[in-house]
Each structure stands twice: as structure tokens, then as C-alpha cells.
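Numbering (the numbering used here), first residue to last: 3 to 398. Even glycine gets a Cβ: it sits at the ideal position worked out from N, Cα and C. To start, the structure itself, in C-alpha cells.
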């Protein structure tokens, strides 16, 4: 049997005020539950028609209009609630009407709540980089919904396999993301739908049948010969500055954002009496301690006396990558050189390739897990050759 909603009004004549007026109460009845509240409309008890539950006498037209408006708004709130998986009672309807509760029945509203909750836990449970990634995914989602549905939000009940697939294609076609970058956004979107399931906003998993697939990639890095060419080629002032910063990253493993934020305060003396970098990685908030190798120390000395607190005069990541492609062309390095290649170069050519243990490299890179560091070993044929040469000697 379909549950029905009843909205009625009554004058509470037992609650007569000093003014002689009585308040009109609204009574909501739904599925054997009841709730009532004061409408804050006061009348003379003689101006109430209890049979028709309407105001009579002076001002009846305007006052009855207000009562009808209250009834209409309550029914509208009920209709909104009925589209969710909220447990509906007369009280929840009244609370929703009086803005004492909110209903998250649309994907953007849920995503925003998730991000707001996440932002409040930055530094405690989440890193700022993770929060920033969720903000970017939300931005892509809003753009997709606007383009596809000509609206700013969409009901959770509309999220299904087709929605997810089309969203993934939208990211590929309208952003600079490659396949894995797109999948990262979809992975974050899946966490939002899981959040909806856990909070009973939806009952079925919209990702049923959709597979998250990541393509295996090989980190791009430069070898020792390419590093030598890069260090010694003559460049103009602007490209030389970009080269200095890139090489400093090659010898320290710092990411673009960590180098951007690097200040004199992050440079200190280690227990070996040499200069070290002490930072917390922007992406993970994990502490990282990096001894400065001579090439990095030489570059640091060129810039650390600058007037600004930040050590390096950084330009945008995008412009830096454009300059690096120009430098790669001049060096005849046939690789897609980006700033992140410097971090890969530190992990491969500079450290692991010269026998620095995984545990040490992982610590300097600020990795959450040594498994992340071990990815670099897969691309080092020189490391394999060196290790096998040592083993081969045992058989001679």
C-alpha cells in the first residue's frame, strides 16, 4: 500500500497569548508518524474555521495564502526526499522543510561535501595534494554534466555504467590526461560513489561491470651520457635557468612543487657535516631528508643568496616543460623531457644505477612504500647487468 502524506492546520486555542491571539500550527502525518510545528501565524480564535481549517474574517486572503504556501513547500520537500534513500518520517519531512537537515541526492552536492570534509582533515588524515586531485576531478565532473546534460548537477539515481563510461571519454577528449590519468579521475569518482553507498544515499553500485584498467608505463629518465650533454651545452639565460633547476631536481629527486616551495629554511647541516635538504613532500606529507651531492650544491650556491626566501626563480610547470623540450632538441635527446623526468633520473641514473640501496632511495624520494621505488629497477638494464656480473664471478 502506498504511503500517503497529509498536511493540515489547526488553531491552538489553549495556547492563547497575552495579545489574545492564538498560534496556527501545521500538522504533518506520514506513514503512521506525526509531527507539528508553529507556523508563527497568529489570529483571533474567532477567526478560525475549524471545519475547513481556514482563516476567516479580516486578512483571510493573505493568511490563507501563507498557509497554502507552507503546505506546497512541505509537499515539495517530501518529493525531494522520496527521490533519495532517506528513511522518511513526518519528522524528517518537517526537519527538511525547516532546513534542519540536508539531503544529498545529487552527485555534485555529495562530491562537494566529501571535499569539504577532506579539506578539514588536511595534515591529519590527508595530504593537500590528494585534496587538490579530488578538486580537479570534481571540476571535470561539473564540466561534463554541464556539457552533456545542460545542468549544474544530476541525481544520484542517474549515475550508471553509461554515465561513468561517457565521463571517462569526456576526460580523454577534453583534458590533457592520458589513459592512466583519466583512470585516476575515474578511480576517485568511484570512491565518491562508494561513499554514497556507505552513507545509504544509493543502494546499488553504479560501477558494476566497469573495470578500472591502468596501462603499464616506463618512467622516462636521462642516462649519464645525456646528463653530461645537458650539463655542458651552451644555452641562453632563460634556458640556462631552467636547466639549473632541472639538474638540481635530477640530483635531489625533488618534484616541481617541492622545488617551488624550497626555502633556505629547508637547508641544514647533516650528521656528516654536509648540507642536506629537509622537507615534507607536498604530495604525501611524508618527511624526506636528502644529502646534497656536489653538482646540486654548486647549483644551490648560485641561487641561495637571492633576496627572496624561496631559493629558485621558478616559472610555471607548463612553461618549464616547454623550455625542457627546447633544451632536449638542442641536446638531441630524443625523449619527451618533462620536469618529472628529473625525479625519475634521480631514482635511476643517480642512485639505483650507482648501487644506492632501495631503502635509502625510497626514503629520499619520500615514497609511501618501497614497492613504488622498485618500479625504477625494472628499467635499469645496467643494474641488472651489474648484479649479474657479480653473480657470474662466483662461477669463475
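To which residues of the same chain is residue i closer than 7 Å at the C-beta, ignoring the five residues directly before and after it?
{"i": "residue 268", "result": "279, 280, 281"}
{"i": "residue 396", "result": "none"}
{"i": "residue 319", "result": "258, 341"}
{"i": "residue 170", "result": "184, 188"}
{"i": "residue 51", "result": "58"}
{"i": "residue 121", "result": "133"}
{"i": "residue 73", "result": "9"}
{"i": "residue 344", "result": "248, 251, 252"}
Roughly how many angstroms lie between the CA atoms of residue i and residue j, to the nearest whole one?
{"i": "residue 317", "j": "residue 288", "result": "25 Å"}
{"i": "residue 49", "j": "residue 100", "result": "27 Å"}
{"i": "residue 158", "j": "residue 130", "result": "27 Å"}
{"i": "residue 79", "j": "residue 174", "result": "38 Å"}
{"i": "residue 391", "j": "residue 372", "result": "25 Å"}
{"i": "residue 218", "j": "residue 94", "result": "50 Å"}
{"i": "residue 335", "j": "residue 301", "result": "22 Å"}
{"i": "residue 128", "j": "residue 117", "result": "11 Å"}
{"i": "residue 179", "j": "residue 109", "result": "22 Å"}
{"i": "residue 349", "j": "residue 167", "result": "36 Å"}
{"i": "residue 443", "j": "residue 186", "result": "Within the shown structure, residues of the chain are numbered from 3 to 398, placing residue 443 beyond reach of any answer."}
{"i": "residue 172", "j": "residue 153", "result": "16 Å"}
{"i": "residue 286", "j": "residue 234", "result": "34 Å"}
{"i": "residue 223", "j": "residue 206", "result": "44 Å"}
{"i": "residue 66", "j": "residue 151", "result": "39 Å"}
{"i": "residue 326", "j": "residue 119", "result": "38 Å"}
{"i": "residue 365", "j": "residue 352", "result": "15 Å"}
Classify residue i as buried or exposed, calling it buried when 16 or more other Cβ atoms lie within 10 Å of its own Cβ.
{"i": "residue 216", "result": "exposed"}
{"i": "residue 21", "result": "exposed"}
{"i": "residue 203", "result": "buried"}
{"i": "residue 260", "result": "buried"}
{"i": "residue 42", "result": "exposed"}
{"i": "residue 228", "result": "buried"}
{"i": "residue 84", "result": "exposed"}
{"i": "residue 98", "result": "buried"}
{"i": "residue 125", "result": "exposed"}
{"i": "residue 314", "result": "buried"}
{"i": "residue 374", "result": "exposed"}
{"i": "residue 394", "result": "exposed"}
{"i": "residue 362", "result": "exposed"}
As a quick exercise: from the options, pick the residue whose alpha carbon is nearest that of residue i.
{"i": "residue 312", "options": "247, 127, 13", "result": "247"}
{"i": "residue 220", "options": "335, 257, 346", "result": "346"}
{"i": "residue 177", "options": "198, 190, 156, 139", "result": "139"}
{"i": "residue 163", "options": "66, 116, 212, 275", "result": "212"}
{"i": "residue 17", "options": "365, 109, 33, 47", "result": "47"}
{"i": "residue 284", "options": "230, 368, 254", "result": "368"}
{"i": "residue 403", "options": "376, 355, 230", "result": "As displayed, the chain neither begins before 3 nor continues past 398, which places residue 403 out of reach and without an answer."}
{"i": "residue 4", "options": "56, 27, 32", "result": "32"}
{"i": "residue 322", "options": "299, 146, 306, 245", "result": "245"}
{"i": "residue 191", "options": "68, 73, 112, 328", "result": "112"}
{"i": "residue 82", "options": "333, 96, 143", "result": "96"}
{"i": "residue 253", "options": "197, 156, 292", "result": "292"}
{"i": "residue 265", "options": "272, 305, 236, 298", "result": "305"}
{"i": "residue 238", "options": "271, 151, 274, 328", "result": "328"}
{"i": "residue 272", "options": "198, 356, 290", "result": "290"}
{"i": "residue 136", "options": "67, 114, 298, 352", "result": "114"}
{"i": "residue 181", "options": "61, 263, 214", "result": "214"}
Leaving out the 5 sequence neighbours to the left and right, which residues in its chain are closer than 6 Å to residue i when beta-carbon positions are compared?
{"i": "residue 29", "result": "10, 38"}
{"i": "residue 208", "result": "161, 162, 195"}
{"i": "residue 294", "result": "277"}
{"i": "residue 69", "result": "11"}
In its own chain, which residues sit with a C-beta less than 8 Å from the C-beta of residue i, not counting the 5 before and 5 after it?
{"i": "residue 25", "result": "13, 14, 17, 19, 40, 41, 42, 43, 44"}
{"i": "residue 360", "result": "354, 372, 375, 376, 379"}
{"i": "residue 35", "result": "91, 92, 93"}
{"i": "residue 370", "result": "286, 288"}
Give the range of the alpha helix (DSSP H) segment to which residue i is assigned.
{"i": "residue 190", "result": "181–200"}
{"i": "residue 151", "result": "130–151"}
{"i": "residue 346", "result": "342–347"}
{"i": "residue 119", "result": "109–121"}
Got a sec, what are the start and stop residues for the beta strand (DSSP E) residue i sits in?
{"i": "residue 221", "result": "Where residue 221 is concerned, there is no enclosing beta strand (DSSP E), given that its DSSP letter is neither H nor E."}
{"i": "residue 271", "result": "269–271"}
{"i": "residue 358", "result": "Neither: residue 358 is in no beta strand (DSSP E) and is coded neither H nor E."}
{"i": "residue 8", "result": "7–13"}
{"i": "residue 20", "result": "No beta strand (DSSP E) contains residue 20, which DSSP labels as neither H nor E."}
{"i": "residue 284", "result": "First-last for residue 284: undefined, no H or E at that position."}
Does the beta carbon of residue i come closer than 8 Å to any beta carbon on chain D?
{"i": "residue 27", "result": "Although the question refers to chain D, the structure presented lacks it and comprises just one protein chain."}
Is any heavy atom in the ligand MG found nearer than 7 Å to the beta carbon of residue i?
{"i": "residue 217", "result": "No copy of the ligand MG occurs in the structure displayed, which carries no ligand at all."}
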